[in-house]
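Those protein sequences? They're chains A and B, same order as listed.
Each residue of the first sequence is one higher than the one before, counting from 4 in our numbering.
Each residue of the second sequence is one higher than the one before, counting from 7 in our numbering.
Glycine included, each C-beta is placed from N, C-alpha and C at the ideal position.
Below you'll find the structure, written out as structure tokens, and then a few comments.
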Amino acid sequence: AQSVAQPEDQVNVAEGNPLTVKCTYSVSGNPYLFWYVQYPNRGLQFLLKYITGDNLVKGSYGFEAEFNKSQTSFHLKKPSALVSDSALYFCAVRDAGNTPLVFGKGTRLSVIA
Amino acid sequence: DSGVTQTPKHLITATGQRVTLRCSPRSGDLSVYWYQQSLDQGLQFLIQYYNGEERAKGNILERFSAQQFPDLHSELNLSSLELGDSALYFCASSPQGRGGYQFFGPGTRLTVL
């Protein structure tokens, strides 16, 4: 069975500093990995995905994520955080095909001015 | 705007009642997924339909049911409602193809009093 772990409930970072939101996964076969962001009272917005290819994936709003197969990790990163990045971030995994996503519990990112 | 629409946005009802949540997927998407987001359980997959047929089932209670109609819209029916059913219910759709990611609707916030 697939699973995702987001070890941090909350991440605080100062504006302008780099940010990292951690995610590790477990899946049989090749993983399909995703990051979504949820702003207050909104649905989930897609940020980026890893299916195959380059281990460094670039996504929306300046975010990127690095796929590390040996560490089964897919950490979300941004070189310079903005206050507007404050939101709830979800890592998700699925296997091949249009199968349901398995989500982590989410990490609340707070960027302080 | 993801292109996935959900109605209603908010629903307040009493215990023991029955409600229907509606979802219209993005144009051309055949797969529809329902997820429940609650504070204690996080984001949980409920059920998936593909072109009118049930494709996968997750942690969906027997009191809950869903269907996808020929025009591809989907409805989630929740009956004998309990206080613990209060949550955000999201619908998502995805296009064909292995790399397709899921587009989420804005959600329906259900409050059971």
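So residue i contacts chain A; which residues on that side make the cut at Cβ distance below 7 Å?
i: residue 39 of chain B; result: 103
i: residue 62 of chain B; result: 102, 103
With residue i and residue j assumed to form a contact (beta carbons below 8 Å), what rounded beta-carbon distance in angstroms separates them?
i: residue 82 of chain B; j: residue 113 of chain B; result: Actually they are not in contact, since the Cβ atoms of residue 82 of chain B and residue 113 of chain B sit about 12 Å apart, beyond 8 Å.
i: residue 114 of chain A; j: residue 79 of chain A; result: Actually they are not in contact, since the Cβ atoms of residue 114 of chain A and residue 79 of chain A sit about 13 Å apart, beyond 8 Å.
i: residue 7 of chain A; j: residue 98 of chain A; result: Between residue 98 of chain A and residue 7 of chain A the Cβ distance is about 13 Å, and since that is not below 8 Å, they are no contact.
i: residue 54 of chain B; j: residue 21 of chain A; result: 37 Å between Cβ atoms; not a contact.
i: residue 47 of chain A; j: residue 41 of chain A; result: 5 Å
i: residue 52 of chain A; j: residue 65 of chain A; result: Not confirmed; about 16 Å, so no contact.
i: residue 12 of chain B; j: residue 28 of chain B; result: 7 Å
i: residue 110 of chain B; j: residue 10 of chain B; result: 6 Å
i: residue 69 of chain B; j: residue 84 of chain B; result: 7 Å
i: residue 89 of chain A; j: residue 112 of chain A; result: 6 Å
Residues of chain B with CB under 9 Å from residue i, in chain order?
i: residue 93 of chain A; result: 48, 49
Let's see if you can read the secondary structure: which residues bound the beta strand (DSSP E) around residue i?
i: residue 78 of chain A; result: 76-81
i: residue 4 of chain A; result: Residue 4 of chain A -> no beta strand (DSSP E), and no H or E assigned at all.
i: residue 18 of chain B; result: 16-19
i: residue 70 of chain B; result: 70-74
i: residue 48 of chain A; result: 47-53
i: residue 119 of chain B; result: Note, residue 119 of chain B: premise wrong, no beta strand (DSSP E); not H, not E.
How would you list, in chain order, the residues of chain A whose beta-carbon sits under 9 Å from the beta-carbon of residue i?
i: residue 8 of chain B; result: 46, 47, 48, 49
i: residue 96 of chain B; result: 46, 47
Output, in chain order, the set of chain B residues within a Cβ distance shorter than 7 Å of residue i.
i: residue 108 of chain A; result: 48
i: residue 37 of chain A; result: 107
By the 9 Å beta-carbon criterion, what residues does the stretch 101-119 of chain B contribute toward chain A? Cβ proximity to chain A below 9 Å picks out 101, 102, 103, 104, 105, 106, 107, 108, 109, 110, 111, 112, 113, 115 from the stretch 101-119 of chain B.
Start-end ranges of the beta strand (DSSP E) lying completely within the stretch 47-115 of chain B, minimum 3 residues: Complete beta strand (DSSP E) runs here, min 3: 48-56, 59-63, 70-74, 80-84, 93-100.
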